[in-house]
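Participant:
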Amino acid sequence: MDDILILGIESSCDETAAAIVRNGREILSNIICSQISTHTIYGGVVPEIASRQHIEKINFVVDEAVRQAGISDCDLCAVGVTYGPGLVGPLLVGVSFAKGYSFAKKLPLIGVNHIEGHICSNLIEYKDLNPPFLCLIVSGGHTHLVIMEDHGRYTVLGRTMDDAAGESFDKVARAIGLGYPGGPKIDKAAKGGNPEAIAFPRAKIADNEYSFSFSGLKSAVLNYLNSCHQAKKEINRDDVAASFQAAVVDVLVSNAMRAVENTGLKKLALAGGVASNTALREAMQRECQKRDVDFFVPSPVLCTDNGAMIASAAYFGYIEKKIAGPDLNAVPNLKL
Ligand code: KG4
Ligand code: ZN
């Protein structure tokens, strides 16, 4: 069979990204244009500014992906694009661009669910990994524990009831003055802190053993900071970071291990921006090893938003002929 080259486009949040992937697993190019420095001064992503920056960057990012792959656009077989979930303005930029590009180049268009894209980053990292497997997706916008039954087929075991894991990292980081984006900064600060210094709560959801909740934890951190402030007690930032991170990791690992034990699946993958967290990777690895379960986690560059994961998911859609029409639209709250 001839090689299938797919262009993947991602613009659901604050990264304008495009990549060329061969046969769903091999990256030929992966261009990521991050807007972090722009949004840092506002302490979070400003949707209107993000949309405008996507418009400014998308032509260059796609051209660069084709150029760095050493191919011509005539070699492409299809265009994959994130159409949800995400911020509506940013999504519309990618979807509109992909529609125009695929029409002009006479290429089929595949609409990709961003969460499915995150899962597929594991298929790029591990060439022999095939479903079924368990996957925990933890990002700035999502916290999902799923079974990937087959390509394009998922059973969602649990999701967050309120804040996403990454969102809680970002909010706590802001509260302790570490700035945006908080995840990597908490990760770093936690290395110098004591994870047992402060006993933050681990939320349990009564009606679903796989659901997550992080807003209570965030409030507990804020309450702790306020009470220290009132008592004029100095805050040890590294200890707060380490104790908060330990609470998040604990909940993520215990729900994932419950799923391992209940489903009997012997493969567990991590995905999403928070999957690059060092403490989470170490704890998952350790608990999987104890249970004789194979653990998969993408390299950090494939954990955060990128076009390669979108091209990979689009490849599996393409071979199943899931082609989108010109009416493809952005769906901000698209479900898996
Ligand atoms: O997957 P992603 O790039 O975007 C979404 O789809 O949301 O994830 C971004 C999130 C942010 O909340 C960021 O703080 C978090 O991932 N993150 C981390 C780390 N690196 C990124 N969280 C914890 N530890 C990290 N090392
Ligand atoms: Zn993402």
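Heads up, the sequence shown stops at 1711 in the working numbering, and the numbers go up one at a time, no gaps.
Where is the CB? At the ideal position from N, CA and C, for every residue including glycine.
Should H1429 be listed as close to the ligand ZN, given that the test is whether its C-beta is under 7 Å from any heavy atom?
Facilitator: no
Participant: Mind checking whether the beta-carbon of D1414 lies closer than 7 Å to any heavy atom of the ligand KG4?
Facilitator: Note that residue 1414 is His in the sequence shown, not Asp. For the ligand KG4, not one heavy atom lies less than 7 Å from the Cβ of H1414.
Participant: For H1489, collect the residues of the same chain with a Cβ closer than 7 Å to its Cβ; drop the 5 residues on either side in sequence, then sort them by chain order.
Facilitator: Hits under 7 Å: S1387, T1457, G1459, P1460 and G1461.
Participant: Considering only the alpha carbon of each residue, which of S1594, F1589 and N1434 lies closest to S1514?
Facilitator: F1589
Participant: Between S1514 and the ligand ZN, is the CB less than 7 Å from at least one heavy atom?
Facilitator: yes
Participant: Since I1381 and A1646 are thought to touch, with beta carbons under 8 Å apart, how far apart are those beta carbons, to the nearest angstrom?
Facilitator: Wrong, their Cβ atoms sit about 19 Å apart, outside the cutoff.
Participant: Taking DSSP as the reference, what is the three-state secondary structure of M1536?
Facilitator: coil
Participant: Using the three-state DSSP reduction, which class does M1523 fall into: helix, strand or coil?
Facilitator: strand
Participant: Taking just the CA atoms, how far does I1433 sit from I1698?
Facilitator: 22 Å
Participant: Here's the rule I'm using: 16 or more other beta-carbon atoms within 10 Å means buried, otherwise exposed. How should K1474 be labelled?
Facilitator: buried
Participant: Cβ-heavy atom distance between I1561 and the ligand KG4 below 7 Å?
Facilitator: yes
Participant: What residues are listed by DSSP as bridge partners for Y1529?
Facilitator: M1523
Participant: Closest to A1622 by C-alpha separation, out of M1523, S1543 and I1407, would be which residue?
Facilitator: The shortest C-alpha separation from A1622 is found at S1543.
Participant: When you compare only the Cα positions, how much space is there between T1638 and L1592?
Facilitator: 28 Å
Participant: On the DSSP letters alone, give me the boundaries of the alpha helix (DSSP H) that I1610 sits inside.
Facilitator: Careful: I1610 lies outside any alpha helix (DSSP H) and carries neither H nor E.
Participant: To the nearest angstrom, report how far apart C1408 and K1607 are at their CA atoms.
Facilitator: 43 Å
Participant: Going by CA-CA distance only, name the one from A1548, V1668 and K1563 that's closest to R1633.
Facilitator: V1668
Participant: For the ligand KG4, any of its heavy atoms closer than 7 Å to the Cβ of G1541?
Facilitator: yes
Participant: State the start and end residues of the unbroken alpha helix (DSSP H) segment that holds N1708.
Facilitator: Counting along the chain, N1708 sits inside no alpha helix (DSSP H), nor does DSSP assign it H or E at all.
Participant: Pull up the DSSP beta-bridge partners for V1456, would you.
Facilitator: I1384 and G1486
Participant: Give a yes or no on whether the C-beta atoms belonging to A1595 and P1570 are separated by under 8 Å.
Facilitator: no
Participant: Would you call T1535 buried or exposed, if buried means 16 or more other Cβ atoms sit within 10 Å of its Cβ?
Facilitator: buried
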